[in-house]
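Just below is one structure, and these are the notes that go with it.
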């Protein structure tokens, strides 16, 4: 069949119109779907401030690993470098960032630490050595050396780790978990190893008791 000749006939014109309407309807549906996708997709804000070693991003409810690590470093240095004169500033800075379920406990812990610092007349400083992010738990581990200086001026050094979980709510960071302890980071793998050693030790004690 000669397509060019067919399209010049009345039947060909009608067939061309039908196919044109189908194509137009398909394009409209595709445009509508793309518009919905564009309106419902979360905006991604790309950040690269001076204190970030690499580019970071944050959306309405999530953020990149580098963004999480930067917040972890900031929080560890804020908590780890405390003096009697900076405790009030510490509470003022951290308070608005805390999730409601941990706010009271953290504020109470900071106040207890503040009283101890004032009574013992000591100052603390923290030098970070390593930052790690655990994707499975969302935890940021900041490990380093903690120094405590007393009235004599002598400093005692020890290993210390700070743990944080920073969630994103409406593009704003919220601290939902804080912990600190002496020693290296207790990642999920390390905790499993510790639990396994305790189980083995318990089994040995039970065998010896029998």
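Numbering (my numbering), first residue to last: 362 to 571. Where is the CB? At the ideal position from N, CA and C, for every residue including glycine.
_I'd like the list of long-range same chain contacts for residue 410, defined as Cβ closer than 8 angstroms, with 5 residues on each side in sequence excluded._
Counting from one through the chain shown, the residue named residue 410 turns up at place 49. Note on residue 410: pLDDT 48, under 50, position unreliable in the model; no value is reported.
Q) By a C-beta neighbour count over all protein chains shown, 10 Å radius and 16 as the cutoff for buried, is residue 360 buried or exposed? A) Only positions 362 to 571 of the chain appear in this structure, which leaves residue 360 out of reach.
Indicate whether the contact test is met: 3 or more Cβ pairs, each with one atom in the stretch 511-530 and one in the stretch 551-571, closer than 8 angstroms. no
| request: Measure from the C-beta of residue 513 to each C-beta in chain C and report whether the shortest distance is under 9 angstroms. | output: Checking the listed chains, one finds no chain C in this structure; it contains a single protein chain.
Worksheet item: What residue ranges within the stretch 426-452 form continuous alpha helix (DSSP H) runs of no fewer than 4 residues, ordered along the chain?
Response: Listed in chain order, they are 426-441.
Notebook entry, point to check: For residue 492 versus residue 501, is the C-beta spacing smaller than 9 angstroms?
Noted result: Sequence index remark: in the chain shown, residue 492 carries index 131 (1-based). Sequence index remark: in the chain shown, residue 501 carries index 140 (1-based). Yes.
In three-state DSSP terms, what is residue 497? Here residue 497 is taken as the residue at index 136 of the chain shown, counted from 1. Residue 497 falls in the coil class under three-state DSSP.
*residue 507 burial status per 10 Å Cβ neighbour count (16 or more: buried)*: Here residue 507 refers to the residue found at position 146 of the chain shown. Here residue 507 is buried. Its C-beta has 16 or more other C-beta atoms within 10 Å.
> Under three-state DSSP, which class holds residue 464?
Replying inline: Position 103 of the chain shown, counted from the start, is the residue given in the question as residue 464. Of the three classes helix, strand and coil, the one that applies to residue 464 here is helix, per DSSP.
Quick one: is residue 437 buried, meaning 16 or more other Cβ sit within 10 Å of its Cβ, or exposed? Within the chain shown, numbered from 1, the residue matching residue 437 stands at position 76. Counting C-beta atoms within 10 angstroms of its own C-beta, residue 437 has 16 or more neighbours from the protein chains shown and is therefore classed as buried.
Give me the residue from 458, 442 and 416 with the minimum Cα distance to residue 531. Looking up residue 531 in the chain shown gives position 170. Cα-wise, what sits closest to residue 531 is 458.
- Look up residue 417 in the DSSP assignment and say whether it is helix, strand or coil. Taking the first residue of the chain shown as position 1, residue 417 is located at position 56. Looking at residue 417 - three-state DSSP - the assignment turns out to be strand.
Notebook entry, point to check: Given that a residue counts as buried once 16 or more other Cβ atoms are within 10 Å of its Cβ, and exposed if not, what is residue 431?
Noted result: Position 70 of the chain shown holds residue 431. Buried: at least 16 other Cβ atoms inside 10 Å.
Item to complete: Can you grab the Cα-Cα spacing for the pair residue 439 / residue 447, in whole Å?
Response: Sequence index remark: in the chain shown, residue 439 carries index 78 (1-based). Sequence index remark: in the chain shown, residue 447 carries index 86 (1-based). Using only the alpha carbons, I get a separation of about 10 angstroms.
- Message: According to DSSP, is residue 518 part of a helix, a strand, or is it coil?
- Response: Walking along the chain shown from the start, residue 518 turns up at place 157. Under the three-state reduction of DSSP output, residue 518 falls in the strand class.
**Study point:** Close beta carbons around residue 538, own chain, < 6 angstroms, minus the five adjacent residues each side
**Key:** Counting from one through the chain shown, the residue named residue 538 turns up at place 177. Same-chain partners within the cutoff: 526.
Whole-angstrom distance between residue 416 and residue 373, CA atom to CA atom: Taking the first residue of the chain shown as 1, we reach residue 373 at position 12. Taking the first residue of the chain shown as 1, we reach residue 416 at position 55. The pLDDT assigned to residue 373 is 49, lower than 50, so where the model puts this residue is not dependable, and the model offers no usable value.
Report yes if the C-beta distance between residue 474 and residue 423 is below 9 angstroms; otherwise report no. Position 113 of the chain shown, counting from 1, holds the residue named residue 474. Position 62 of the chain shown, counting from 1, holds the residue named residue 423. Cβ distance not < 9 angstroms, so residue 474 and residue 423 don't count as in contact.
task: Could you please give me the residues that DSSP links to residue 534 through a beta bridge?
output: For this step, residue 534 is matched to residue 173 along the chain shown. DSSP output for residue 534 lists 529 as bridge partner(s).
Whole-number beta carbon distance between residue 486 and residue 514, since they are thought to touch under 8 angstroms: Walking along the chain shown from the start, residue 514 turns up at place 153. Walking along the chain shown from the start, residue 486 turns up at place 125. Their Cβ separation, rounded to whole angstroms, is 13 angstroms, which puts residue 514 and residue 486 out of contact at 8 angstroms.
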